[in-house]
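Asker:
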Amino acid sequence: MIRPLIRSKALLLLAAAMLPMAANAKPAAPAKAGPGTSQPRPQVQPAGPVKGAPRLLVAISVDQFSADLFAQYRSHFVAGLGRLAGGMVFPAGYQSHAATETCPGHSTILTGMRPAHTGIIANTWIDQSAARPKKAIYCAEDETKQAADPKDYVASVDHLLVPTLGEMIKRQWPTSRNVAVSGKDRAALMMGGHVIDQVYWWKGKGFTTLDGRTLGPEAVAENKSLESVLAQGAPAMTMPAWCGPHDRAIALGGGAPASGGIGIANSLATAAPAPTASGFTVGTGHFALAPNDANAFRASPRLDRATLDLATELVDSMKLGKGPTPDMLAVSLSATDYVGHATGTEGAEMCIQMQQLDLALGDFFKALDDRHIDYAVVLTADHGGFDLPERLREQALPSAERAAPALLPDQVSAVVGAKLGMEPKDLILGDGAFGDFWINKAVPADQKTKVIDAAKAVFLSQPQVQAVFTASELAAAPMPTGTPDTWSLLDRARASFYAPRSGDLVVILKRGVVPIVRPMPGIVATHGSAWDYDRRVPILFWRAGMTPFEQPSAVETVDIAPSLAALIALKEPAGTFDGRCLDLDAGPGTTCGATN
Ligand SMILES: [Zn+2]
């Protein structure tokens, strides 16, 4: 039970060891790979995968695609999601940990490890030992490097402590390619890993890649074609009739609703105006795109289509799935998350997004079919999602509410400081109204426990708080086992606890409390909680010719990597994954036989 520390250390060494190995690899050194596309193939071909194994593994994450959304729209999926819904379906997949954010979630999917082992405990954590003045560390940055623009950061996957499936594949078959594309840097990097041939994500007005690499011709071409869309804008999308009941304005932001919900809601503006905005509505947006509104482009189905277009172009230029050894393609589609944050999960916007996602995925799979690629695909999500409390309250969930400002770190600091007679400024550090909180390192060691206890008591006195765990409580707890739908809150928090980065306290809010204190255009709803609306995600496998089946019992996203590894007979030592191989053979055979 108490193996995590040992295992983490071993994997840390392993991950560290992989980098120089890759740099010395011959003749192509993916970690140093420059621009461009096709790496020349080494002359010596190692043994291929087992006969009949797929030549391309496609792992797709749909950001914020909850099991609830999948269930709600399943009957309307007729294209890509329709195909997957007729495959090997696990409708009760779990991002089993408490910190259901994008970076931790993506870190589980292709490593097969929970955040406690990937080290990605949140999107952002506080490292008071950081050498720079800013102590908040973004999960996908290299904080030791200064970006050219002081407001920017250097994207990096260095915080990920374990290898990804694509890296493991390359280790076994050096000719295999590992590629990741996403609307977000953290998604592409956490699915791709440290040794990656091509990695792209959307930034600002186009796709970009790691510092030190130049854009390949596929990304240049995709960016060029998107330039004109962004400059010209685009008309509203057609809403299917079945979205009709969702097309209703919900007033937010204090004042009376703007009549008809036009303007902000329809353009899905994400550049947040002043929080004193006199009011706006969500629920009736149809994705009309104003010229030069890159934020609205990002929070629309158009971003997913662009991401899939780029993925297809990379399949062509790199001839993915056509080599003698299996290739790995990771795609994370971010628009569902941006739409969810901007407008919630139950408006016309999400309904249209679901239809467009289905269609775009259908075109992507057709492109792979047309190229006669033997591929296996899995689709899941980095976390689920929750609607905005203002609409939830209208729709039979009267307990839904926004987090109270009293939960924010400065307010808790004030109360704790007054109670203990200590300087309150920055006494308690944190990134919001829930999750990890840190005690200022200026607090003398012999006072720290007193501050932790006082802060815990202050949080627990708040009516919206369900539970508070201290770092020592979490460190003493065993890594949870058994089916994730039965885990306690402590188990869930333990699964995303990594002592060197986690807070001194982890605060879990009550079910239905949305941790956005004040809604603003672009940010009205969210995820991140320890509750099942944020933990449950679909896990859908598909491969041509395989017999479909449905297994409604709970499984985990950490089961994906070992399941895909087994399909290609990837050899990894026992203990490589937190998850288990899911047998994707519907009959008496097994797809798990060739793995550990
Ligand atoms: Zn996300």
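Numbering of the sequence shown is given in my numbering, commencing with residue 94 and proceeding in unit increments.
Note that the Cβ used here is the ideal one computed from N, Cα and C, for glycine as well.
Treat the numbers as computed from the prediction; the structure is a model and nothing was measured.
Does the separation of the CB atoms of Arg636 and Asp420 fall below 8 angstroms?
Answerer: no
Asker: At what residue ranges does the region 245-323 contain a whole run of the alpha helix (DSSP H), taking only runs of 4 or more?
Answerer: 258-265, 278-285
Asker: Helix, strand or coil for Leu598, going by three-state DSSP, please let me know.
Answerer: strand
Asker: Just to confirm my understanding: we take His190, look at its own chain, exclude 5 residues before and 5 after, and list those with CB closer than 7 angstroms. What are they?
Answerer: Pro197, Arg207, Pro208, Arg585, Ala588, Ser589
Asker: What residue from Ser656, Tyr431, Gly205, Gly180 has the CA that sits closest to Phe642's CA?
Answerer: Nearest in C-alpha terms to Phe642, of all of Ser656, Tyr431, Gly205, Gly180, is Gly180.
Asker: I'd like to know if the region 434-446 and the region 372-384 are in contact, where contact means that at least 3 CB-CB pairs between them fall below 8 angstroms.
Answerer: The region 434-446 vs the region 372-384: in contact.
Asker: What are the boundary residues of the beta strand (DSSP E) that Phe590 is part of?
Answerer: According to the DSSP assignment, Phe590 belongs to no beta strand (DSSP E), since it is labelled neither H nor E.
Asker: Considering only residues of the same chain and omitting the five flanking positions on each side of Leu553, which have a CB-CB separation below 7 angstroms?
Answerer: Val561
Asker: From Pro573 to Leu583, what distance separates their C-alpha atoms?
Answerer: 9 angstroms
Asker: How is Thr217 classed by DSSP in three states: helix, strand or coil?
Answerer: strand
Asker: Under a Cβ-count criterion, where at least 16 other Cβ atoms within 10 Å of its own Cβ denotes burial, should Val182 be classed as buried or exposed?
Answerer: Buried: at least 16 other Cβ atoms inside 10 Å.
Asker: Can you give me the start and stop residues for the alpha helix (DSSP H) that Ala548 sits inside?
Answerer: 538-553
Asker: When we look at the beta-carbon of Ser168 and count the other beta-carbons within 10 Å, is it buried (16 or more) or exposed?
Answerer: exposed
Asker: Pull the bridge partners of Ile532 from the DSSP assignment, please.
Answerer: Ile521
Asker: Taking DSSP as the reference, what is the three-state secondary structure of Ala118?
Answerer: Confidence in Ala118 is poor, its pLDDT being 33 and thus under 50, which makes the residue's placement unreliable; the coordinate value appears in the next sentence. Correct three-state label for Ala118: coil.
Asker: Is the region 339-346 in contact with the region 606-625, if contact means three or more CB pairs nearer than 8 angstroms?
Answerer: Yes: at least three Cβ pairs fall under 8 angstroms.
Asker: On the premise that Gly286 lies in contact with Leu253, defined as a C-beta separation below 8 angstroms, what is that separation, rounded to the nearest angstrom?
Answerer: 7 angstroms
Asker: Which first and last residues belong to the alpha helix (DSSP H) in which Gln504 is found?
Answerer: 502-513
Asker: Which of the three DSSP states is assigned to Gly145 in this structure?
Answerer: coil
Asker: Buried or exposed: which applies to Leu112, given that a residue is buried once 16 or more other Cβ atoms fall within 10 Å of its Cβ?
Answerer: Note that Leu112 scores a pLDDT of 34, beneath 50, so its modelled location is shaky and nothing firm can be said.
Asker: For a cutoff of 8 angstroms on Cβ pairs, would you count Thr563 as touching chain C?
Answerer: Of the protein chains in the structure, only one exists, and it is not chain C.
Asker: Please classify Val607 as buried or exposed, where buried requires at least 16 other C-beta atoms within 10 Å of its C-beta.
Answerer: buried
Asker: I need the DSSP call for Asn689, collapsed to helix, strand or coil.
Answerer: For Asn689, the predicted model reports a pLDDT of 42, less than 50, meaning its position is unreliable; a value from the coordinates is still stated below. DSSP places Asn689 in coil when its eight states are reduced to three.
Asker: Less than 7 angstroms between the CB of Gly437 and some heavy atom of ligand 1, yes or no?
Answerer: no
Asker: Would you call the CB atoms of Ser425 and Met284 closer than 8 angstroms?
Answerer: yes
Asker: Examine the Cβ distances between the region 446-454 and the region 424-438 and report whether three or more of them are shorter than 8 angstroms.
Answerer: yes
Asker: Quick one: is Glu320 buried, meaning 16 or more other Cβ sit within 10 Å of its Cβ, or exposed?
Answerer: exposed
Asker: Less than 7 angstroms separating the Cβ of Gly57 from some heavy atom of ligand 1?
Answerer: Outside the shown range of the chain (94 to 689) lies residue 57, about which nothing can therefore be said.
Asker: Quick one: grab the DSSP three-state call for Arg636.
Answerer: Reduced to three states, the DSSP call for Arg636 is strand.
Asker: Check whether the Cβ of Asp156 sits closer than 7 angstroms to any heavy atom of ligand 1, and report yes or no.
Answerer: yes
Asker: Take Val137 and list the residues in its own chain whose beta-carbon comes closer than 7 angstroms to its own, dropping the five residues that flank it on each side.
Answerer: For Val137, the predicted model reports a pLDDT of 44, less than 50, meaning its position is unreliable; a value from the coordinates is still stated below. By the criterion of a C-beta distance shorter than 7 angstroms, Val137 is surrounded by no residue of its chain, once the five residues flanking it on both sides are discounted.
Asker: With a 10 Å radius around its C-beta and 16 neighbouring C-beta atoms as the bar for buried, classify Ser492 as buried or exposed.
Answerer: exposed
Asker: Considering only DSSP beta bridges, list what Met181 is partnered with.
Answerer: Phe634, Phe642
Asker: Between Tyr231 and Thr211, is the Cβ-Cβ spacing less than 8 angstroms?
Answerer: no
Asker: Among residues of its own chain, excluding the 5 on either side of Gly525, which ones have a beta-carbon nearer than 7 angstroms to its beta-carbon?
Answerer: Pro608
Asker: Would the region 623-630 and the region 147-161 be scored as touching if the rule is three or more Cβ pairs under 8 angstroms?
Answerer: yes
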